[in-house]
Amino acid sequence: MREAARTANATSEPATAFENSPDFVQSLARGLLVLRSFDAEHPELSPAEIATLTGLSRAAVRRVALTLQHLGYMREAGRGYALSPRVLELGFGYLGTLDLPDLAQPLLEDLAHRVNQSCSMAVLDGQSIVYVARVPVRRVMRISLGVGARLPAIAASMGRVLLAGLVDADLKVWLAQCQPAKLTPHTVTDLRRLKKIIDGVRAQGYAYVEQELELGLCSLAVPVRNQAGRVAAALNVGMPYHDDVAREAIEVMLPLLRDTAASLERCLPAHRLAAVSL
1496 MREAARTANA TSEPATAFEN SPDFVQSLAR GLLVLRSFDA EHPELSPAEI
1546 ATLTGLSRAA VRRVALTLQH LGYMREAGRG YALSPRVLEL GFGYLGTLDL
1596 PDLAQPLLED LAHRVNQSCS MAVLDGQSIV YVARVPVRRV MRISLGVGAR
1646 LPAIAASMGR VLLAGLVDAD LKVWLAQCQP AKLTPHTVTD LRRLKKIIDG
1696 VRAQGYAYVE QELELGLCSL AVPVRNQAGR VAAALNVGMP YHDDVAREAI
1746 EVMLPLLRDT AASLERCLPA HRLAAVSL
């Protein structure tokens, strides 16, 4: 599962023609790649580890790391480096303009208290979902998830809800670029089958995923729509697998999750809210 998150976190998407153009700033791309190599399980990395994770040479890693350290985004830690608090500035600017996480947080806290399960909100960014709000209740996944965490959209319930919110033309392009990984024996990787699943999510208004992202993990998600009726974000409840989990998710969790989404949507008229993609 950790590898799935890191695959979504790295620049694994196919190179575009723009990356070969003179307008593409390779040094900037390398700097962002180095920053994204850190995660909750690896808060400190040596230059050799960064080179392995990013595919950059050690010399390039050294130059990038020294520059980021000088700018205040990284610091020395042991035999390597760690992110500094200043790196939060890169994401908080976006979250501050969105306003949605602040609106969602108390609603997610109330939902988590009622269902005694972790609840989250995410938006779509390329082939990944990005968590913008989360209330952890119990540790279900092996990796640590928090605001800013990324997971493969195609295998996540929130990802499928967000994909169902795309117009057909955008979804077709997205699927054409998708290279789904077999994260567990249950992960659906056939694109035609995935398209049918997404169509079903669009029709029924929710997505339920059972052990496709990680063994033992199930999740249920619903959309949050803006004033124009477009899907702007997704809310979910994560739960451990058991024999009766699917029935419990649909009969017990779904009405509560939909109520939470409706409450959030009622808060939106006074706030600007973008549609699905970052």
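In terms of this note's numbering, the sequence shown opens at residue 1496 and continues consecutively.
In this text, a Cβ means the ideal position worked out from N, Cα and C, and glycines have one as well.
If you ignore the 5 residues before and after R1557, its C-beta comes within less than 8 Å of the C-beta of P1542, all in its own chain and listed in chain order. The three-state secondary structure of G1575, taken from DSSP, is strand.
A contact is defined here as three or more CB-CB pairs under 8 Å, and the stretch 1699–1715 meets this definition with respect to the stretch 1734–1753. Between L1657 and A1728, the CB-CB gap stays under 9 Å. By DSSP's assignment, A1628 forms a beta bridge with M1616. DSSP places N1515 in the helix class (H, G or I) of the three-state scheme. Annotation for G1526: the continuous alpha helix (DSSP H) segment containing it runs 1521–1530. The three-state reading of DSSP puts H1565 in helix, counting H, G and I together. Residue nearest to A1644 within the set A1650, R1655, S1652, R1629 is R1629 (criterion: CA-CA distance).
Short of 6 Å from the beta carbon of Q1564, and not among the five residues preceding or following it, lies no beta carbon of its own chain. Restricting attention to D1663, Y1626, C1614, A1650, the CA atom closest to the CA of M1748 is found in C1614.
Between I1649 and P1680 a beta carbon distance of about 16 Å is seen, past the 8 Å cut, so the two are scored as non-contacting. The continuous alpha helix (DSSP H) containing P1750 extends over residues 1749–1761.
Between M1569 and V1529, the gap from beta carbon to beta carbon is short of 9 Å. Here V1726 carries a strand assignment [DSSP, helix/strand/coil]. In the three-state scheme derived from DSSP, where H, G and I count as helix and E and B as strand, V1719 is classed as strand. Linking G1586 to A1607 through their CA atoms gives a straight-line distance of about 25 Å. Within 10 angstroms of the beta-carbon of A1757 lie fewer than 16 other beta-carbons, which makes it exposed. Under the three-state reduction of DSSP, H1608 is assigned to helix.
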